[in-house]
Amino acid sequence: MGELTEIIKLDATDSTNLYLKDLLLSQELLDYTTVVTKNQRKGRGQLGTIWETEEGKNLTFSVLKNLGSCKVSEQFKLNICVSLAVYDALNQYEVPNIKIKWPNDIMSGSFKICGILIENLLKGQFIKNVIIGIGLNVNQTQFGTLTKASSLSGVMGRQFDLNELLASLRSNLKLRLDAINQKTFQQLQTEYEQLLFRKDKPSTFKNQQEELFMGIIRGISEEGKLIVELEDDSVQKYDLKEVTLQY
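So for the sequence shown, my numbering puts the first residue at 2; every next one is plus one.
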């Protein structure tokens with residue numbers, strides 16, 4: 002598969018995604034160039050949420066993938082490949098009960114252990130480059146008021162080597178993304194849906210009006226929308242901004 006060598010290590014930065022994006026504007030970068038930091042001061046999650054991490058205890062990094070021919074309409078295929086790559090890496094460490102909480106939070110049981118932020122850099126109707134930001138809770142065990150957060154150490158009761166984990170995550174990202182065109186969306190969709198958190202279980206959701214409603218997750222659409230069967234047996238598709246799963 003070839004060695005992945007391009008790693009930029011920082012003691013601290015506001016955001017590894019922003020650092021990598023700025024670097025890309027000033028120079029050509031190799032595929033899978035990675036920026037990793039011990040302390041990310043302003044890490045972001047989906048919809049601008051803040052990702053908090055204890056210095057030196059977790060993995061906070063961003064990876065560049067040059068694409069060129071991936072259509073903007075196929076961007077959720079990228080999302081699936083990245084989520085599955087993280088699953089593959091954690092599964093090799095025998096992390097228990099790994100699930101993907103739509104669209105791309107990684108869970109162990111009912112605890113969130115990893116967040117992913119994917120930023121696409123466009124050229125016309127194509128995604129030219131993608132920057133993949135990953136925040137994995139590893140050796141941190143205290144999360145304050147974040148009762149639904151945990152870490153690899155928290156769920157497995159031991160410490161992990163951050164460099165080994167980073168190497169595993171990068172190699173699995175390379176495997177998945179290099180082969181992105183070898184599988185149809187439907188094949189990837191099947192893999193993703195098998196790991197979907199709360200799939201086929203009655204769940205509570207909150208809409209944009211802060212109203213709660215019941216539904217059952219049935220899958221995802223090709224555009225990446227969440228397919229939910231409602232109490233009146235109708236089926237609705239929801240975008241990320243339209244609904245939040247309560248758990």
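Where a beta carbon is used, it is the ideal one built from N, C-alpha and C, also for glycine.
Treat the numbers as computed from the prediction; the structure is a model and nothing was measured.
Residue range 153-157 is occupied by the alpha helix (DSSP H) that includes V156. Check the Cα spacing between L197 and each of I135, L11, P104: the tightest is with P104. If you draw a straight line from the Cα of E165 to the Cα of E55, it is about 19 angstroms long. Under the Cβ criterion (8 angstroms, minimum of three pairs), the segment 81-96 counts as touching the segment 164-180. Nearest Cα to I114 within the set F186, V156, R42, K242: V156. D12 is bridged by DSSP to nothing; it lacks a bridge partner.
Just measuring C-alpha positions, the residue of L30, S16, V236 sitting nearest F62 is S16. If you draw a straight line from the Cα of L163 to the Cα of L153, it is about 11 angstroms long. Relative to Q187, the option among Y33, E223, K66 whose CA is nearest is E223. In this model, D12 and G158 are separated by some 27 angstroms (Cα to Cα). Annotation: Q160 to S70 spans about 40 angstroms, alpha carbon to alpha carbon. Less than 8 angstroms divides the Cβ of N130 from the Cβ of L65. With respect to the C-alpha of L5, the residue from V73, I128, S169 having the closest C-alpha is S169.
Within the same chain, and ignoring the five residues on either side of S109 in sequence, the residues whose Cβ sits closer than 7 angstroms to its Cβ are V96, P97, N98, I99, S151, V156. With respect to the 8 angstroms criterion, K200 and E194 are classified as neighbours on the basis of their beta carbons. For S63, DSSP records a beta bridge to V36, G134.
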